[in-house]
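Presented below is the structure to which this report refers.
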Amino acid sequence: MPTLILSPRQTEDAQLLWRAAIRAGWAIERAFGWKSPAKPEDDFTIYGEPVFVQAIAESCDVKVVVPTDDWLATLPLRWSGRNVKLMSLEDARLIGVSRFIKPCSDKEFAAGLYGKGRSLPDEQLLPNDLPVLVQEPVSWETEFRCFVVNRQVKTCSVYARGGELAQAEDGAWPASEQEVTQAVRICEAVCADADVALPVAVVVDVGLIAGRGWAVVECNAVTSSGIYGCDPAKVLEVLKHGLAL
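In structure tokens, the structure reads:
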């Protein structure tokens with residue numbers, strides 16, 4: 001029987017996954033600390049904040065399945081839809097034009113538009129060699145989250161419209177059947193491309209760029225990604241593969 005290890009932090013997503021795990025016959029554990037209640041040989045997975053997930057994974061000698069830092073930067077232009085470069089924070093500070101800049105792994109600083117690199121944290125706050133993604137600014141009309149395992153899209157949900165969360169007042173994440181179908185088709189095409197390297201389990205965000213068309217927003221680890229309006233039971237199917245020995 002698989003075990004779902006959750007962080008002490010109570011979130012709506014964690015509650016949805018907790019209920020889905022109960023229905024699926026999984027065991028659930030809450031780790032109150034930085035040590036896993038599971039052993040490496042056990043059938044388990046983890047969901048929570050990135051720091052928590054990493055700490056629990058390390059405590060039982062397993063690894064979190066994550067995309068490489070340069071994943072988006074090496075994605076073919078036909079899928080990224082805009083110029084994306086991987087560089088050090090030091091080099092990013094020297095950029096002379098406005099760019100959308102975000103740290104590759106954690107959230108060491110807020111992702112956003114930085115003009116001429118001068119607004120980025122200085123070397124007294126963050127190391128010069130911190131890897132960052134520097135992207136051509138674009139306007140996303142809609143954005144969708146896809147949970148993917150073995151290059152198959154298991155569930156998909158809209159999460160943003162015009163840069164704002166797309167959640168309705170009743171808590172739903174409304175999108176037309178046509179929109180969801182288009183998003184899934186784009187993600188499936190990306191996953192089917194032999195030129196695109198993908199971890200076994202991952203979250204791929206896709207969206208519609210104003211004036212350009214559909215493209216990949218980013219790719220993240222499933223163990224810490226919000227589920228929005230995705231089917232929690234399907235998310236569990238992907239989350240089950242979120243760790244590796």
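Just so you know, we're using full-length UniProt numbering here: the sequence shown kicks off at 1 and counts up by one. Quick reminder that beta carbons are idealized off the backbone N, C-alpha and C, glycines included. Since we're looking at a predicted model, the values are computed, not measured.
- G226 and V97 have their alpha carbons spaced roughly 32 Å apart.
- According to the DSSP secondary-structure assignment, S88 is paired through a beta bridge with P131.
- The stretch 227-242 and the stretch 128-141 do not touch, with fewer than 3 CB-CB distances between them shorter than 8 Å.
- Within the model, the alpha-carbon separation for L120 versus K240 is close to 37 Å.
- Assignment of beta-bridge partners to D205 by DSSP yields R145, E218.
- Contact annotation, L89 with V148: C-beta distance approximately 29 Å; criterion of less than 8 Å not satisfied.
- Rounded to the nearest whole angstrom, the CA to CA distance from P76 to L236 is 29 Å.
- In this structure, DSSP gives F32 a state outside helix and strand, which the three-state scheme calls coil.
- With a cutoff of 7 Å on beta-carbon distance, G171 and A201 are scored as not near each other.
- In this structure, the beta-carbon distance from C156 to A189 does not fall below 7 Å.
- Between F44 and V203, the alpha-carbon positions lie close to 19 Å from each other.
- Here DSSP, grouped into helix, strand and coil, assigns P137 to coil.
- Approximately 34 Å separates the beta-carbon atoms of L245 and V134; this is outside 8 Å, ruling out the contact.
- Cβ atoms of S7 and F52 come within 8 Å of each other, at about 4 Å.
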